[in-house]
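Q:
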Amino acid sequence: VLYPFGPGVGDEATHHEDDGMSPEIFLQENFSFFGRAHRSLYVNNNGVVSFGTMVPEFTPQPFPLPGHRPFVAPYWADVDTRLGGDVFYRQSQDPQLLARLAQDLAPAVPPGDPPPQPTWAFVATWDHVAYFGAASDKVNTFQAVLASDGITCFVMLNYGDLQWTTGIANQGDPHTGLGGIPAQAGFNSGDDVHYYNVPGSRTPAVQSLSRRSNLGVPGRWAFRVDHFEATEGPPETPGTLSKTPEAPWS
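Taking my numbering, I'd label the letters of the sequence shown as residues -13 to 236.
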C-alpha cells in the first residue's frame, strides 16, 4: 500500500533523534490546505507534516489546536528514531509516481468531478520507527503523500504495520507501546476552528488504521484538502472504534 521510498528513489532523511524534524523544505508548487496556500513544510519525526512551522510536541492533542499550526498528522505519537527506524521525504514530479497517484486518488473524488491529475507530489515515510522509552522491538511504518495540480490538493495516508500507539511519556507501556494517550491521525487547519479526525484517533482503534480505509483499500485513506472534503468509508462494525466528532469544514 506504500509508495516507493528510501535512498533508492532519492529520499532524504531526518536525523536519528527524539522529537526531531527536517529543515524547512521549500515546495516546488504551492500546496493549498483548508483554503490557505503554503510554500514550505517540515517533516516532524513525531508523525506530523506541518506547514510553515515545526511541531516538536510528542503528545497528540485533541483538534482543533490553538495558534496557527496547520498540519497533516498521519500518526502523531512519540517517535524516537534513536531506538529504531528512519523518516524519509522527497518532492517528486516523476511521471510514473504521478500517474499512479492519479489512479489511486480517483475514488476520493465525488462522481462528476474532474479526475485528479497531479503534477507534483511530496512523499514522507516513517519506516519501522520505534517509540520513546521502548523496551521492545515494536515499530510502526506509515506514510503521508501530498499531491497537487497547482489548484486541487489531496493528502493520502498509507499505513503499513502499526505495532504501537503510545510512548512512555504519554503513559504508554514500555513493553507493549499501548495504553495511555494513543496516536492522533487527521488534519488541523490552523485557524482554531476546522479540523478532521480519522475515525479511531486518540483511541486504541488507531492501531487498526492499517486494516481500514475510506477508499476500499485496507491501509489507505485519501482526502481533498484545498477546501476540505471528508471522504467517508464504509460503516465500522459497532464497538470497534470510538469516532471523534468533527467540526464543520466549510
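Beta carbons are placed, not taken as given, at the ideal position from N, Cα and C, and that holds for glycine.
In this structure, how does DSSP classify Arg86 when only helix, strand and coil are distinguished?
A: The sequence position of residue 86 within the sequence shown is 100, counting from 1. The answer is helix: DSSP assigns Arg86 an H, G or I state.
Q: Can you give me the C-alpha to C-alpha distance between Tyr(-11) and Tyr145, rounded to a whole angstrom?
A: Locating residue -11 in the sequence shown gives position 3, counting from the first residue. Locating residue 145 in the sequence shown gives position 159, counting from the first residue. Looking at the two C-alpha atoms, the distance is approximately 10 Å.
Q: Count the other C-beta atoms from every protein chain shown that fall within 10 angstroms of the C-beta of Arg198, then say buried if there are 16 or more, exposed otherwise.
A: Here residue 198 refers to the residue found at position 212 when the sequence shown is read from its first residue. Classification for Arg198: buried.
Q: Please identify the residue among Arg55, Phe44, Arg25 whose C-alpha is closest to the C-alpha of Phe173.
A: In the sequence shown, residue 173 corresponds to position 187, counting from 1. It is Arg55.
Q: CA-CA distance, Pro96 and Ser122?
A: As a position in the sequence shown, residue 96 is number 110, starting the count at 1. As a position in the sequence shown, residue 122 is number 136, starting the count at 1. Distance between the alpha carbons of Pro96 and Ser122: 43 Å.
Q: Report all residues from its chain with a CB closer than 7 Å to the CB of Ser(-3); omit the five preceding and five following residues, and keep chain order.
A: If you number the sequence shown from 1, residue -3 lands on position 11. It is worth fixing the name first, because residue -3 is Asp in this sequence and not Ser. Only Phe(-9), Phe74, Tyr75, Arg76 meet the Cβ criterion.
Q: Kindly list the residues whose CB is nearer than 8 Å to the CB of Thr226, restricted to its own chain and excluding five residues on each side of it in sequence; keep chain order.
A: For this step, residue 226 is matched to residue 240 along the sequence shown. Only weak support is given to the placement of Thr226: the predicted model assigns it a pLDDT of 32, under 50, and the value that follows is read from those uncertain coordinates. Ala191, Ser194.
Q: Could you tell me the distance, in whole angstroms, from the CA atom of Ala63 to the CA atom of Gly136?
A: Along the sequence shown, one-based indexing puts residue 63 at 77. Along the sequence shown, one-based indexing puts residue 136 at 150. Those two C-alpha atoms are separated by around 31 Å.
Q: Beta strand (DSSP E) containing Met142: first to last residue?
A: Residue mapping note: residue 142 aligns to position 156 of the sequence shown, counting from 1. First-last of the beta strand (DSSP E) with Met142: 139 to 148.
Q: Looking at the structure shown, is Ala191 part of a helix, part of a strand, or coil, going by DSSP?
A: The residue given as residue 191 occupies position 205 in the sequence shown. Correct three-state label for Ala191: helix.
Q: Taking 8 Å as the cut-off, does the segment 198 to 209 touch the segment 142 to 157 (at least 3 CB pairs, one atom from each stretch)?
A: Taking 8 Å as the limit for Cβ pairs, the verdict is that the segment 198 to 209 does touch the segment 142 to 157.
Q: Return the Cβ separation of Tyr61 and Ala171 in integer angstroms, given the expectation that the two are a contact with Cβ distance under 8 Å.
A: Position 75 of the sequence shown holds residue 61. Position 185 of the sequence shown holds residue 171. With 8 Å as the limit, Tyr61 and Ala171 qualify as a contact, their Cβ atoms being about 6 Å apart.
Q: What does the alpha-carbon distance come out to for the pair His114 and Gly70?
A: Residue 114 sits at position 128 when you count from the first residue of the sequence shown. Residue 70 sits at position 84 when you count from the first residue of the sequence shown. In a straight line, the C-alpha of His114 is about 7 Å away from that of Gly70.
Q: How about the segment 16 to 35 and the segment 78 to 89: do they share at least three Cβ pairs that are nearer than 8 Å?
A: Counting Cβ pairs under 8 Å, fewer than three are found: no touch.
Q: Would you mind sorting Asp90 into buried or exposed? The rule is 16 or more other CB atoms within 10 Å of its CB.
A: In the sequence shown, residue 90 corresponds to position 104, counting from 1. Buried is the call here.
Q: In angstroms with no decimal places, state the Cα-to-Cα distance between Tyr28 and Gly98.
A: Within the sequence shown, numbered from 1, the residue matching residue 28 stands at position 42. Within the sequence shown, numbered from 1, the residue matching residue 98 stands at position 112. Each residue's alpha carbon lies about 34 Å from the other.
Q: Taking the alpha-carbon of Ala208 as reference, which of Val141, Leu87, Leu13 has the nearest alpha-carbon?
A: Against the sequence shown, residue 208 aligns to sequence position 222. That would be Val141, whose Cα lies nearest to the Cα of Ala208.
Q: Roughly how many angstroms separate the alpha carbons of Asn16 and Asp177, rounded to a whole number?
A: Start at 1 with the first residue of the sequence shown, and residue 16 comes out as number 30. Start at 1 with the first residue of the sequence shown, and residue 177 comes out as number 191. Cα to Cα, Asn16 sits roughly 19 Å from Asp177.
Q: Nearest by alpha-carbon distance to Thr105: which of Thr138, Gln47, Arg68 is it?
A: One-based indexing of the sequence shown puts residue 105 at position 119. Among Thr138, Gln47, Arg68, the Cα nearest to that of Thr105 is on Thr138.
Q: What is the DSSP secondary structure of Val35, counted as helix, strand or coil?
A: To locate residue 35, count along the sequence shown from 1; it is residue 49. Residue state, collapsed to three classes: strand.
Q: Which residues share a DSSP beta bridge with Asp99?
A: As a first step, residue 99 is located in the sequence shown; it is residue number 113 there, counting from the start. DSSP, once it has assigned bridges, lists no residue as partnering Asp99.
Q: Taking the DSSP output, what are the residues bridged to Ser78?
A: Residue 78 sits at position 92 when you count from the first residue of the sequence shown. Note: Ser78 sits in a beta bridge opposite Ala107.
Q: In this structure, how does DSSP classify Gly(-6) when only helix, strand and coil are distinguished?
A: Your numbering for residue -6 matches position 8 in the sequence shown. In the structure shown, Gly(-6) sits in a helix (DSSP, three-state: H, G or I).
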